[in-house]
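Below: the structure, in structure tokens.
Residue numbers (the UniProt record's numbering), protein chains in the order written: chain A, 1 to 438; chain B, 1 to 292.
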């Protein structure tokens, strides 16, 4: 039925109309709706014109004052709140972009329709047109609510943070009492030139990178080791073993970290009183010495993080065909050769992008740092604790030191690092590329 | 002849012994791992059953275990556990309902329609998924402060919903993609509208993934500590994780066994759900992350 309809229609009405110019339609569309009227779609044209005009009329004041406010950030201290100016400015900016995109689509639409008319297409009746535009608009209606939420809850804060990094918002210069002003890259420059900032920044950055690399790699190595052991054919009760090994993943992280911070406590923790003391007749200052705190945190993270990777690896290992190993055995391959040539490549190929997410996760793993001992112990001469990673340092700068601009600047650096990781992950996941081509 | 036979058999013996030794070694390693995994969990459980709330005097032996700590949580006028529980339940319910609905709309659009901006939209979602909401905490703190949603459960709810959309949308989209398109095409031919196809055909088929998304979103507020920490200020607004943390932090050694009791009550149901759904969760998350 439907296909029949489609076949008949063009043959019935195909009268080429070469006088109808797409260019003219485009030019007329500079005033929204005029192009559509030229295309003999009066109702659509009028509706578009009213919509665009109404939006422009209603929003003009808001956008103009918003953009102006974004430049000045307020002029009267105590009356103007720079933060509000900043937010209104960002909203005005977003609205402008949105409006411009719609404007562009309007011009394109007039052009496309004119082109179709030129080659003999005729717009149908009002009802059919209305149904068609409902069909085109439907996916946007579906996405609308989710997208709106995303704009206000995720994109707006991220942009706000980005702008904040270039202002001078701190404890002594805080709205609404004072006005903020744009300071360009000053925060970033201070971060690397002023000795008090530079030393802290460098030591936190080094520890963040070490932490990410060591904790995640150990996690993966342990997971791989255990996955290979439990995949051995001679082992029985595999299901039970796997369940127990996955247990740390199933228990909520904040609970286990607090339990561990009790176990590692210098004075009454079970690890000191029950294990270290009887065996070595000494106690280890897990909470008060930087090096031991770092070791403890890495060990805890390995405990917390290996099960997920283990589960992934187990799944992959079960899928590797025995033929590979039998063929290798025929050729007299040693165990190590089988591992490096069969098992390891299989694991990496199947889970590569996911392992990368493990690294980004630990890079921003605020939970463990904060819950273990709030980034401590304190280190002399710097305003971050010994186990503070960048994200927990940002937290401290925001909530205890009120160094908002600096916190935003560091967050921005964090964001750039994560974006680089994200880029590599994009490239590595082939299936997304396939999807993108659709 | 006899010698050769002996040699072969001893060789076999050797190999058998070696194999047995290896298996023993593997079991030994696994046993050590079991102890390392079980010890902290068992210790916490034992703490929660201890009558003394003091960490110094607590013992691990099950001789004088009791449920006193649990009783304290629910009955003592000094305990806010039920209040925290109610707050968390409220946040969880709203987040679950709103997220599941919006996410299934978004996923349906991305999976079934080809529209302008679709590809860019997918890219944007994938990119946003990489950035935890936490990264913008400075901005969130100031923004919520200005609009008056700081120290308000609705502020927390908004962040949970918005932050969860990209990731969840990908999970559900991946599932929609596996459902045959011929289903909705034949329904369209029979004259069903967009909403009808969605609500009467696709949504019922997507029940498994939607229940996982719902369950996940429901559990998040019970486990999450950071966002409540940033958003909530006054004790009467605390969610469970934040409340328990502040409770144990106030007087570490004295409150610990009560904390342990409260934690066991959260951890046991959540761990059960995770273990039951482990296969589904791990493979589902994996395909959601790589497939896009």
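All C-beta atoms, glycine included, are put in the ideal place defined by N, C-alpha and C. A quick note: this is a predicted structure, and the numbers were derived from the prediction, not measured.
Original post:
By DSSP, does residue 292(A) sit in helix, in strand, or in coil?
Top reply: helix
**OP:** Compute the Euclidean distance between the alpha carbons of residue 18(B) and residue 200(A), then round it to the nearest angstrom.
**Re:** 54 angstroms
Original post:
From the DSSP output, which residues share a beta bridge with residue 167(A)?
Top reply: 182(A)
Original post:
Terminal residues of the continuous alpha helix (DSSP H) containing residue 18(A)?
Top reply: Where residue 18(A) is concerned, there is no enclosing alpha helix (DSSP H), given that its DSSP letter is neither H nor E.
**OP:** Take every Cβ of the segment 133–153 of chain A, pair it with every Cβ of the segment 152–165 of chain B, and state whether three or more of those distances are shorter than 8 angstroms.
**Re:** yes
Original post:
Exposed or buried, residue 36(A), counting other C-beta atoms within 10 Å across all chains shown (16 or more means buried)?
Top reply: buried
Subject >> Continuous alpha helix (DSSP H) stretch holding residue 200(B): start and end >> reply: Per DSSP, residue 200(B) belongs to no alpha helix (DSSP H) and is neither H nor E.
Original post:
Is residue 237(A) helix, strand or coil by DSSP?
Top reply: coil
Original post:
If contact means a Cβ-Cβ distance below 9 angstroms, which residues of the segment 212–231 of chain B contact chain A?
Top reply: 219, 222, 223, 224, 225, 226, 229 and 230
**OP:** Find out if the Cβ-Cβ distance for the pair residue 260(A), residue 359(A) is shorter than 8 angstroms.
**Re:** no
Original post:
Which residues, taken in chain order from the segment 30–46 of chain B, show a beta carbon closer than 9 angstroms to some beta carbon of chain A?
Top reply: 30, 33, 34, 36, 37, 38, 39, 40, 41, 43 and 44
Original post:
Using a Cβ-Cβ cut-off of 8 angstroms (strictly less than) and excluding sequence neighbours within five positions of residue 394(A), which residues of its own chain qualify?
Top reply: 407, 410, 411 and 414
Original post:
In chain B, which residues lie less than 9 angstroms from residue 260(A) when you measure between Cβ atoms?
Top reply: 40
Subject >> Whole-angstrom distance between residue 240(A) and residue 48(B), CA atom to CA atom >> reply: 26 angstroms
Original post:
Which two residues bound the contiguous alpha helix (DSSP H) that contains residue 135(A)?
Top reply: 126–150
Original post:
Touching or not, the segment 231–243 of chain B and the segment 206–220 of chain B, by the rule of three or more beta carbon pairs under 8 angstroms?
Top reply: no
**OP:** Please list, in chain order, all residues of the same chain as residue 210(B) whose beta carbon is under 8 angstroms from its beta carbon, the five residues on each side excluded.
**Re:** 100, 104, 172 and 203
**OP:** Evaluate residue 129(B) with the Cβ neighbour count: other Cβ atoms within 10 Å of its Cβ, from every protein chain shown; 16 or more gives buried, anything less gives exposed.
**Re:** buried
**OP:** Work out the CA separation of residue 390(A) and residue 376(A) for me, nearest whole Å.
**Re:** 13 angstroms
Subject >> Three CB pairs or more closer than 8 angstroms across the segment 179–189 of chain A and the segment 69–86 of chain A >> reply: yes
Original post:
From the beta carbon of residue 190(A), is the nearest beta carbon of chain B less than 8 angstroms away?
Top reply: no
Original post:
Quick one, which residues of the segment 242–273 of chain A are near chain E if we go by CB-CB under 8 angstroms, in chain order?
Top reply: Here the protein chains are A and B, and chain E is not one of them.
Original post:
DSSP state of residue 6(A), grouped into three classes?
Top reply: The predicted position of residue 6(A) is uncertain, since its pLDDT is 44 and thus under 50; a value taken from the coordinates is nonetheless stated next. If DSSP states are grouped into helix, strand and coil, residue 6(A) belongs with the helices.
**OP:** Take residue 208(A) and list the residues in its own chain whose beta-carbon comes closer than 6 angstroms to its own, dropping the five residues that flank it on each side.
**Re:** 389 and 390
Original post:
Can you find a C-beta in chain B that's less than 8 angstroms from the C-beta of residue 232(A)?
Top reply: yes
Original post:
Per DSSP, what kind of secondary structure is residue 389(A) in: helix, strand or coil?
Top reply: coil
Original post:
Does the segment 264–280 of chain B come within contact of the segment 182–193 of chain B, defined as at least 3 CB pairs closer than 8 angstroms?
Top reply: no
Subject >> Separation of residue 60(A) from residue 9(A), as counted between CA atoms >> reply: The predicted model places residue 9(A) with a pLDDT of 45, which falls under 50 and marks its position as unreliable; any figure quoted below should be read in that light. Spanning the two alpha carbons is a distance of roughly 45 angstroms.
**OP:** Return the CA-CA distance between residue 20(B) and residue 233(A), expressed in angstroms with no decimal places.
**Re:** 13 angstroms
Original post:
Below 8 angstroms between beta carbons: does that hold for residue 171(A) and residue 382(A)?
Top reply: no
**OP:** Closer than 8 angstroms, Cβ to Cβ, to anything on chain A: give me those residues from the segment 149–168 of chain B, in chain order.
**Re:** 158, 159, 161, 162, 163, 165 and 166
Original post:
Run through DSSP, which three-state label would residue 113(B) get?
Top reply: coil
Original post:
Would you say residue 258(A) and residue 248(B) are within 8 angstroms of each other, going by their C-beta atoms?
Top reply: yes
**OP:** Using a Cβ cut-off of 8 angstroms (strictly closer), state whether residue 65(A) contacts chain B.
**Re:** no
Subject >> Interface residues of chain B facing residue 139(A) [CB-CB closer than 7 angstroms] >> reply: 109, 113 and 115
**OP:** Please confirm whether any heavy atom of the ligand MG lies closer than 7 angstroms to the CB of residue 395(A).
**Re:** This structure lacks the ligand MG, and indeed carries no ligand of any kind.
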